[in-house]
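Novice: Can you read through this structure? Questions will come right after.
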Amino acid sequence: MLSVEFPEDARVAVLTAQPLGRPFDYRAPEGGCSTGDFVEVPLGPRKVLGVVWGTGAGDVAAGKLRAVIRVLDAAPMREEMRAFLERAADYTLTPLPAMLRLATRAPGLGDPPSMRRLYRRGQGAPDRMTPARARVIELLEDYGGLAFTLGELAEQAGVSSSVVKGLIPSGAVLEEDAPRDRPYPHLDPALPGVPLADDQAQAAARLRTGVAGGAYGTTLLKGVTGSGKTEVYLEAVAECLSHGRQALVLLPEIALTAEFLTRVERRFGARPAEWHSGVTMAERRRVWRMVGRGGAQLVVGARSALFLPFRDLGLIVVDEEHDSSYKQEEGVLYNARDMAVLRASLAGAQVVLASATPSLESWANAEAGKYARLDLTSRFGDAELPEMRAIDMRTQDLPPSRWISPTLAAAVEARMAAGQQSLLFLNRRGYAPVTVCRACGHQIGCDHCDARMVEHRFLKRLVCHQCGETKPIPATCPSCQAEGKLAPVGPGVERLAEETAERFPDARVAVLSSDLFTTARALKAQIEAIAAGEADIIIGTQLVAKGHNFPLLTLVGVIDADLGLQGSDLRAAERTFQLMRQVAGRAGRGADKGLALLQTFQPEHPVIRAILTGEEESFWQAEAAERRAAGVPPYGRMAGIVISAPEAKPAFDLGTWLAHNDAPLRRIGAQLFGPAPAPIARVRGRHRVRLLIKADKGAPLQAAISDWLAPVKLPAQVRLAVDIDPQSF
Ligand code: ADP
Ligand code: ZN
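Numbering of the sequence shown is given in the UniProt record's numbering, commencing with residue 1 and proceeding in unit increments.
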């Protein structure tokens, strides 16, 4: 690492809220600074955090440069990490500072020194209890012994910091120095794992060989639900740890972490570091530092864990790699699966993409030989794959506003009689998707979005699923003022729960929907209760489709298998196939064989047929052929441009201007579609206009888009976002 002496210049990438495109030049501080150092620099009237991106003579006369204020006490950002952020920024067309924020947001670097002090619950009781004091104590107890900084604690409890300090003399709150170097307990890769079945052992050996090689490589680990993929990739983790390198396991859903941590503990004798939105800031700082110092061997986390400063990353596992939650859809738009491959290629690490229903992208990369592929085709042990059958809804006699067909109901009753669980799956949160006036036909919409309000009885409100706005359920129609005429139309999980309770009055019913749980802990408790057999019927949204093990569950009933096939999205078939196979895969993971029943009005639809027969390879081949013919991903490249503004006109004007000035795109042979209203044309009061770009696989799409957008001066209030590889097209 190059250390520079005063008065040389430092080019510093600055972490500002406004993502400024390029690093700024500063004068090095007395004592010098090095590439990768975290520094505090002046920016306008403020002091901001930055990273030294390079050193040497800048293009501004030295006298005019402002100086770096100080070098912060943090391990410098390694070259591999800087290269990763730069490449990720280039790929996603994100300004570098915005990318850098992803990698540094959490640790609270550069906070005032008071950050070094942490506050946790003590044994004492305050002499006088006030509501504010009680909130602080409750919060600390809620987080079971975790420590907070003063600022975090005050903010989260909604009190002033003097309230926290007032609790110290009595010993109700303890003040202590931040444990800056407390490493995570040692995971022992030499502990024996469970004995593996033959196909598991073969796959594990291949993964181990890859990891031992110490170079980049990606493997698609495709195994039917319940085949024991986790045990297999834990062997790859063991190999990685035994070489003294670090491993990262990405999960698509926080609710899956608890079970996974337990499995890791069983395998390696200790729990790994955890990284997701449910982890406190204090703990995140610890993870961030320990990862950088090598004091954390394994991190289990959400997609943003990819941006942790690993010292020596040897393996990244992306579990349920097809899951759409790996795509971040706000702020920096990136797909964690693709970024994992990028990071691993720079770190000399292996990637394992695990799924029962891989994305077409990964499937195609394996076909093309870019990824290795390992298949586990049977469930572990005696468990068999569930039988899949359609219920033709055209032949079922159902009264209006009822969704459980007689055939499905009979199957549920049979399971209840046998002491087994049933899952009724409906991918719709809330009570009813539409509230309509029976007098005038008016549908209640969101005031800020081009979307209907969804009735949530549990919350007793109408909720917009786009912007989160809620309002009370009105007594009269907002359009014609008719009284008592508003009626729910269509099913949501809450309404399905109501019907279930009526039909099966003796059943214990549990509803699993993300909006019903305020904390990750409550959700975890519910999942554990279900696994322990404390429910007869589980009603769930896609939250239940992901990876959970419910041993007593033997029946899955899909209320509306046709739901995802509507609309014009080219990925609709892929998504429906994945979701249905995943949901069905929840059944029969214990000793008894499972059954999945799909309620459908179109049992002859090719996608429904493929789901039922499970003939995946032919399904993927057909999908691939269609995408190839259309020249869309993974056989072509796409990007979306979304322009938004409070009024539609300036957004359309800019879109039209871009469409008329698309020479840089035409030069690479790309096609431009639009401007057109985005699939949801208004969100949070902003009108959205979309342009889609389609190019050949090898075309330099990012460079062309950069050239194309370079002359754009955004009018006030107008925003533009570039989405490389959009999820829907
Ligand atoms: P997948 O992720 O492929 O759906 P899991 O890894 O969750 O499957 O395994 C399914 C079930 O089988 C789990 O309960 C797991 O503990 C068990 N299992 C898998 N492999 C083994 C093994 N080799 N020995 C004992 N139990 C296993
Ligand atoms: Zn809204």
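Glycine residues also receive a C-beta, built at the ideal position from the N, C-alpha and C atoms.
Which residues does DSSP pair with Ala-522 in a beta bridge?
Specialist: Position 522 of the sequence shown holds residue 522. BP columns for Ala-522 are empty, so no partner.
Novice: Let me check you understand the geometry: is the CB of residue 731 closer than 7 Å to at least one non-hydrogen atom of ligand 2?
Specialist: Examination of residue 731 is not possible in this model, given that the chain is present from 1 through 729 alone.
Novice: Can we count His-448 as close to ligand 2, meaning its CB is less than 7 Å from some heavy atom?
Specialist: Translated into positions along the sequence shown, residue 448 becomes position 448. Correct: His-448 has its Cβ closer than 7 Å to ligand 2.
Novice: For Asp-25, list the residues DSSP reports as bridge partners.
Specialist: For this step, residue 25 is matched to residue 25 along the sequence shown. In DSSP, Asp-25 forms a bridge with Arg-11.
Novice: Mapping the DSSP letters down to three states, classify Lys-460 as helix, strand or coil.
Specialist: Position 460 of the sequence shown, counting from 1, holds the residue named residue 460. Of the three classes helix, strand and coil, the one that applies to Lys-460 here is coil, per DSSP.
Novice: For Ser-324, which residues of its own chain have a beta-carbon under 8 Å away from its beta-carbon, when the five flanking residues on both sides are left out?
Specialist: By one-based count along the sequence shown, residue 324 stands at place 324. Closer than 8 Å at the Cβ level, and outside the excluded window around Ser-324, lie Arg-575, Gln-727.
Novice: Using the C-alpha atoms, what's the distance from Ser-162 back to Val-136?
Specialist: Within the sequence shown, the letter at position 136 stands for residue 136. Within the sequence shown, the letter at position 162 stands for residue 162. Approximately 11 Å, taken between the alpha carbons.
Novice: In terms of residues, what are the limits of the alpha helix (DSSP H) holding Leu-346?
Specialist: If you number the sequence shown from 1, residue 346 lands on position 346. That run of the alpha helix (DSSP H) goes 336-347.
Novice: What does the Cβ neighbour count give for Lys-460, buried or exposed, with the cut at 16 atoms within 10 Å?
Specialist: Locating residue 460 in the sequence shown gives position 460, where the first residue counts as 1. Answer is exposed; the Cβ neighbour count stays below 16.
Novice: Whose C-alpha, out of Phe-504, Phe-425, Ala-349, Met-393, is nearest the C-alpha of Ala-417?
Specialist: Within the sequence shown, numbered from 1, the residue matching residue 417 stands at position 417. For the residues Phe-504, Phe-425, Ala-349, Met-393, the minimum Cα distance to Ala-417 belongs to Phe-504.
Novice: What does a CB cutoff of less than 7 Å around Ile-527 pick up in its chain, not counting 5 residues either side in sequence?
Specialist: Residue 527 sits at position 527 when you count from the first residue of the sequence shown. Contacts found: Ala-255, His-548.
Novice: Buried or exposed: where does Ala-238 fall if 16 or more other Cβ atoms within 10 Å of its Cβ makes it buried?
Specialist: Position 238 of the sequence shown, counted from the first residue, corresponds to residue 238. Under this definition Ala-238 is a buried residue.
Novice: Would you say the stretch 636-652 touches the stretch 674-688, given that touching needs at least three Cβ pairs under 8 Å?
Specialist: They touch, by the three-pair rule.
Novice: Decide if Ile-724 is buried, meaning its Cβ has at least 16 other Cβ atoms within 10 Å, or exposed.
Specialist: The residue given as residue 724 occupies position 724 in the sequence shown. Ile-724 is buried by the Cβ-count criterion.
Novice: Would you decide whether Val-264 is buried or exposed? Buried here means 16 or more other CB atoms lie within 10 Å of its CB.
Specialist: Counting from one through the sequence shown, the residue named residue 264 turns up at place 264. Val-264 is buried by the Cβ-count criterion.
Novice: Can you determine whether any heavy atom of ligand 1 sits closer than 7 Å to the C-beta of Ala-270, and answer yes or no?
Specialist: As a working note, residue 270 is residue 270 in the sequence shown. Outside the cutoff, so no.
Novice: Can you tell me whether DSSP reads Trp-403 as helix, strand or coil?
Specialist: The residue labelled residue 403 in the question sits at position 403 within the sequence shown. Note: Trp-403 maps to coil in three-state DSSP.
Novice: For Ser-355, which residues does DSSP report across the bridge?
Specialist: Taking the first residue of the sequence shown as 1, we reach residue 355 at position 355. According to DSSP, which records beta bridges pairwise, Ser-355 is partnered with Lys-222.
Novice: Taking all protein chains shown into account, decide if Ser-618 is buried (16 or more other Cβ within 10 angstroms of its Cβ) or exposed.
Specialist: By 1-based counting over the sequence shown, the position of residue 618 is 618. Exposed: under 16 other Cβ atoms inside 10 Å.
Novice: To the nearest angstrom, how far is the alpha carbon of Leu-570 from that of Gly-669?
Specialist: As a first step, residue 570 is located in the sequence shown; it is residue number 570 there, counting from the start. As a first step, residue 669 is located in the sequence shown; it is residue number 669 there, counting from the start. Each residue's alpha carbon lies about 22 Å from the other.
Novice: Can you tell me whether Tyr-326 is helix, strand or coil according to DSSP?
Specialist: The residue given as residue 326 occupies position 326 in the sequence shown. Helix.
Novice: Between Arg-389 and the rest of its own chain, which residues show a CB-CB distance below 8 Å, the 5 nearest in sequence each way excluded?
Specialist: The count along the sequence shown starts at 1 and reaches residue 389 at position 389. Taken in chain order, the residues that qualify are Leu-595, Ala-596, Leu-597, Leu-598, Leu-612.
Novice: Only counting the same chain, and skipping five residues up and downstream in sequence, which positions put a Cβ closer than 8 Å to that of Ala-510?
Specialist: Sequence index remark: in the sequence shown, residue 510 carries index 510 (1-based). Cβ within range, chain order: Gln-526, Ala-529, Ile-530, Glu-534, Ala-535, Ile-537, Ile-538, Ile-539.
Novice: Give the DSSP bridge partners of Gln-599, in chain order.
Specialist: Residue mapping note: residue 599 aligns to position 599 of the sequence shown, counting from 1. Answer is Ile-391, bridged to Gln-599.
Novice: Can you list, in chain order, the residues of its chain whose CB lies under 7 Å from that of Leu-552, leaving out five sequence neighbours each side?
Specialist: Taking the first residue of the sequence shown as position 1, residue 552 is located at position 552. Cβ neighbours of Leu-552 beyond the five flanking positions: Gln-420, Gln-421, Gly-533, Gly-590.
Novice: Taking buried to mean at least 16 other C-beta atoms within 10 Å of its own C-beta, is Lys-222 buried or exposed?
Specialist: Working through the sequence shown from its first residue, we reach residue 222 at position 222. That one is buried.
Novice: Is the beta carbon of Leu-196 closer than 8 Å to that of Ala-204?
Specialist: The residue you call residue 204 lines up with position 204 of the sequence shown. The residue you call residue 196 lines up with position 196 of the sequence shown. Taking 8 Å as the Cβ cut-off, Ala-204 and Leu-196 qualify as a contacting pair.
Novice: If contacts are defined as beta-carbon pairs under 8 Å, then Leu-423 and Val-224 qualify, I think. What distance do you get, rounded to the angstrom?
Specialist: Your numbering for residue 423 matches position 423 in the sequence shown. Your numbering for residue 224 matches position 224 in the sequence shown. That pair is no contact at about 18 Å.
Novice: In three-state terms, what does DSSP make of Gln-727?
Specialist: What you label residue 727 is simply residue 727 of the sequence shown in a count that begins at 1. If DSSP states are grouped into helix, strand and coil, Gln-727 belongs with coil.
Novice: One question on the structure: do Arg-121 and Ser-227 come within less than 8 Å of each other, judged by their Cβ atoms?
Specialist: Residue 121 sits at position 121 when you count from the first residue of the sequence shown. Residue 227 sits at position 227 when you count from the first residue of the sequence shown. In this structure, Ser-227 does not lie closer than 8 Å to Arg-121 by Cβ.
Novice: If Arg-495 and Ala-432 are in contact, beta carbons under 8 Å, what's the gap, nearest whole angstrom?
Specialist: To locate residue 495, count along the sequence shown from 1; it is residue 495. To locate residue 432, count along the sequence shown from 1; it is residue 432. Going by Cβ atoms, the distance from Arg-495 to Ala-432 rounds to 6 Å, so yes, they are a contact pair.
Novice: With 16 as the cutoff for other CB atoms within 10 Å, does His-660 come out buried or exposed?
Specialist: By 1-based counting over the sequence shown, the position of residue 660 is 660. Flag for His-660 reads exposed.
Novice: Name the one or two DSSP bridge partners that Arg-688 has.
Specialist: Residue 688 sits at position 688 when you count from the first residue of the sequence shown. Ser-644, per the DSSP bridge assignment.
Novice: Taking a contact to mean a Cβ-Cβ separation below 8 Å, would you say Gln-123 touches Ala-236 in this structure?
Specialist: Here residue 123 refers to the residue found at position 123 when the sequence shown is read from its first residue. Here residue 236 refers to the residue found at position 236 when the sequence shown is read from its first residue. No.
Novice: In or out: Arg-46 buried (at least 16 other Cβ within 10 Å) or exposed?
Specialist: Taking the first residue of the sequence shown as position 1, residue 46 is located at position 46. Result: exposed.
Novice: Taking 7 Å as the limit between beta carbons, can you name the residues of its chain near Leu-398, skipping five residues before and five after?
Specialist: Along the sequence shown, one-based indexing puts residue 398 at 398. Here the set comprises Ser-405.
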